[in-house]
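For the sequence shown, numbering that gives the first Met the number 0 begins at 0 and goes up steadily by one. Ideal placement from N, C-alpha and C gives every residue a C-beta, glycine not left out. No experiment lies behind these values; they were computed from the predicted model shown. First the structure, in the form of structure tokens, and then the observations on it.
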Amino acid sequence: MDERMRDKYLTLHEIAAAARRNLAPGPWSYLVGGTETETTVRRNRHALDALGFRPRVLRDMRHVDAGSVFLGARVRLPVLIAPVGGVESFVEGGAAAAARAAAAFGVPQMLSSVCQPGLEATAAAAADNLRLFQLYVRGDAAWVDDHVRRAKDHGYRAFCLTVDSAMYSRRERDLAGRFVKPWRAGAAAGMQFQAALSWDEVKRYKDRHDLPLVLKGIATAEDAEIAVRHGVDVVYVSNHGGRQLDHALGSAAVLPEVVRAVAGRAQVWVDGGFMRGSDVVKGIALGATCIGLGRLACLGLAADGVAGLVRTLEILEEEVRVCLGLLGAASYADLTPAHIAAAPAVSEPGVLSAFPLL
Numbered sequence: 000m001d002e003r004m005r006d007k008y009l010t011l012h013e014i015a016a017a018a019r020r021n022l023a024p025g026p027w028s029y030l031v032g033g034t035e036t037e038t039t040v041r042r043n044r045h046a047l048d049a050l051g052f053r054p055r056v057l058r059d060m061r062h063v064d065a066g067s068v069f070l071g072a073r074v075r076l077p078v079l080i081a082p083v084g085g086v087e088s089f090v091e092g093g094a095a096a097a098a099r100a101a102a103a104f105g106v107p108q109m110l111s112s113v114c115q116p117g118l119e120a121t122a123a124a125a126a127d128n129l130r131l132f133q134l135y136v137r138g139d140a141a142w143v144d145d146h147v148r149r150a151k152d153h154g155y156r157a158f159c160l161t162v163d164s165a166m167y168s169r170r171e172r173d174l175a176g177r178f179v180k181p182w183r184a185g186a187a188a189g190m191q192f193q194a195a196l197s198w199d200e201v202k203r204y205k206d207r208h209d210l211p212l213v214l215k216g217i218a219t220a221e222d223a224e225i226a227v228r229h230g231v232d233v234v235y236v237s238n239h240g241g242r243q244l245d246h247a248l249g250s251a252a253v254l255p256e257v258v259r260a261v262a263g264r265a266q267v268w269v270d271g272g273f274m275r276g277s278d279v280v281k282g283i284a285l286g287a288t289c290i291g292l293g294r295l296a297c298l299g300l301a302a303d304g305v306a307g308l309v310r311t312l313e314i315l316e317e318e319v320r321v322c323l324g325l326l327g328a329a330s331y332a333d334l335t336p337a338h339i340a341a342a343p344a345v346s347e348p349g350v351l352s353a354f355p356l357l
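Set out below in structure tokens:
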């Protein structure tokens, strides 16, 4: 990133503030809002805030590695640009802009099937960067198979089914603001397919396709166990950023039980409230191999487009590196759950409470 962007944004607070200035009320409410009382949104943040660090000292920290390996490839951070529908509401170019930023920085992107400009155009924008495709099921088995084929043909390295969306939630900020998401028009006719999604479809996918399967929206040890019995490659812990079930537990709170249930038989990824480098480190210490960035990535895009997201990731990388060094961990391999302890939260949790200077 050039010096101008470095000088313009020195902290993630400044990224968030710029995004707020740039967005109209409808898109802003969609970005920061959740379902009904937004309790799950706050619990995501509280679950992270209620974890304290146990640092180890007198270790050689001259060389701290913030990079990782993702699906066999070296990446600059163990993070994923998470699938968010309607990114075009925040930045011109939508998912293609996110793809260009992910490629420029060096982290993977997961494309949402309800995000423009679509599977093929986003793949073209990503060049040879790692990319994954997430599907909301809006058709029959042949329809799903067609999306798997297209994803494979266009270089997507894994296929994701979102499994926490049997019903579309009541997102009251959007309702009160009369903000209609771009994909909602005409989508109701296909919702019965998502509502009917079951373990039978997971089995059918694994029997028919060799593209690694990710299940996004796992929130209990019980479902994690069923997932690995079905041969799922990645168990993705998520509550949709607090946008689906109200009063759910925070993602970081359920991550340990899912990691124990999976017991190394699949990878575990997580999202939900992760906004700072210290959050990324906490997630890895608790057993996740990748952290999904949804709202934070959108804040970067809304702040300054492709360059804004790249700068967001640069700042996050520095936060991660400093956090690792002060914990006495030269790499993620040095992290264990012993670096984490329960601790009282010291601030009121909220979607942007990770940025107190706002």
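Do residue i and residue j have their C-beta atoms closer together than 7 angstroms?
i: Val280; j: Gln193; result: no
i: Ala96; j: Leu300; result: yes
i: Gly349; j: Gly293; result: no
i: Leu212; j: Arg156; result: no
i: Pro116; j: Leu79; result: no
i: Val309; j: Ala103; result: yes
i: Gly291; j: Ala81; result: yes
i: Ala340; j: Arg149; result: no
i: Asp270; j: Thr38; result: no
i: Gly51; j: Ala337; result: no
i: Ser330; j: Asp64; result: yes
i: Gly304; j: Val56; result: no
i: Leu236; j: Leu254; result: For the sequence presented, residue 236 should be read as Val rather than Leu. Contact flag set, yes.
i: Gly230; j: Met60; result: no
i: Glu347; j: Arg169; result: no
i: Leu47; j: Gly272; result: yes
i: Ser28; j: Gly176; result: yes
i: Leu214; j: Val162; result: yes
i: Ala165; j: Ala223; result: no
i: Val233; j: Ala265; result: yes
i: Ser88; j: Pro24; result: no
i: Ala94; j: Ala302; result: no
i: Ala344; j: Ala120; result: no
Short of 6 angstroms in beta carbon distance, which residues of its chain neighbour residue i, apart from the five on each side in sequence? Order them along the chain.
i: Glu256; result: Ala220
i: Phe354; result: His12, Ala15
i: Gly276; result: Leu315, Glu318, Val319, Cys322
i: Ala126; result: Ala102
i: Met4; result: Ala306, Arg310
i: Asp278; result: Leu47
Taking the alpha helix (DSSP H) that residue i belongs to, which residues open and close that run?
i: Leu174; result: 171–175
i: Cys322; result: 294–326
i: Leu76; result: Premise fails: Leu76 is in no alpha helix (DSSP H) and is neither H nor E.
i: Tyr331; result: Tyr331 -> no alpha helix (DSSP H), and no H or E assigned at all.
i: Tyr167; result: Premise fails: Tyr167 is in no alpha helix (DSSP H) and is neither H nor E.
i: Phe192; result: 190–194
i: Gly216; result: Premise fails: Gly216 lies in the beta strand (DSSP E), 212–217, not in any alpha helix (DSSP H).
i: Met4; result: 2–7
i: Gly240; result: That residue, Gly240, is in no alpha helix (DSSP H); it is neither H nor E in DSSP.
i: Leu50; result: Here Leu50 belongs to no alpha helix (DSSP H); instead the beta strand (DSSP E) covers 50–52.
i: Ala223; result: 220–228
i: Ala17; result: 11–21
Can you name the start and end residues of the beta strand (DSSP E) that residue i belongs to?
i: Thr34; result: It is not in any beta strand (DSSP E) - Thr34 carries neither H nor E in the DSSP assignment.
i: Thr161; result: 158–161
i: Arg207; result: Premise fails: Arg207 lies in the alpha helix (DSSP H), 198–207, not in any beta strand (DSSP E).
i: Val68; result: 67–69
i: Val269; result: 266–269
i: Ala340; result: 339–341
Considering only C-alpha positions, which residue in the set the options is nearest to residue i?
i: His45; options: Gly138, Leu248, Asp222, Leu325; result: Leu248
i: Arg130; options: Asp152, Tyr331, Asp145, Thr288; result: Asp152
i: Leu22; options: Val231, Lys7, Val86, Asp163; result: Val86
i: Thr311; options: Arg55, Arg42, Thr34, Ala101; result: Ala101
i: Met190; options: Gly176, His208, Gly138, Asp232; result: Gly138
i: Gly263; options: His146, Thr288, Ala252, Gly25; result: Thr288
i: Ala218; options: Ala195, Gln243, Arg41, Asn238; result: Asn238
i: Gly286; options: Asp333, Glu313, Ser197; result: Asp333
i: Gly92; options: Gly327, Cys297, Val345; result: Cys297
i: Asp173; options: Arg58, Ala120, Val233, Arg242; result: Arg242
i: Trp198; options: Tyr167, Leu160, Leu210; result: Leu160
i: Arg207; options: Ile225, Ala141, Gly105; result: Ala141
i: Val201; options: Ala252, Phe158, Tyr167, Leu118; result: Phe158
i: Leu326; options: Arg41, Arg58, Lys205, Leu210; result: Arg58
i: Asn370; options: Ala72, Tyr167, Asp278, Leu134; result: Here the chain covers residues 0 to 357 and nothing more, so residue 370 does not appear.
i: Thr335; options: Leu356, Gly282, Glu313, Leu357; result: Gly282
i: Met274; options: Leu134, Thr10, Asp209; result: Thr10
i: Ala328; options: Gly66, Asp6, Lys7; result: Gly66
i: Tyr204; options: Arg41, Asp1, Leu134, Tyr167; result: Leu134
i: Ala252; options: Ala124, Phe178, Arg41; result: Arg41
i: Phe178; options: Leu356, Tyr8, Asp1, Gly32; result: Gly32
Starting from the C-beta of residue i, find all residues in its chain whose C-beta is less than 8 angstroms away, skip the five residues before and the five after it, and write them out in chain order.
i: Val68; result: Val74
i: Phe132; result: Met109, Leu110, Ser112, Leu118, His146, Ala150, Tyr155, Ala157, Phe158, Cys159
Within its chain, find whatever has a CB closer than 7 angstroms to the CB of residue i; leave out the 5 residues flanking it on each side and keep chain order.
i: Val258; result: Val267, Leu285, Gly286
i: Gly154; result: Ala122, Arg130
i: Gly105; result: Val74, Arg75
> Which runs of the beta strand (DSSP E) spanning at least 3 residues fall entirely within the stretch 96–133, listed in chain order?
Replying inline: 108–111
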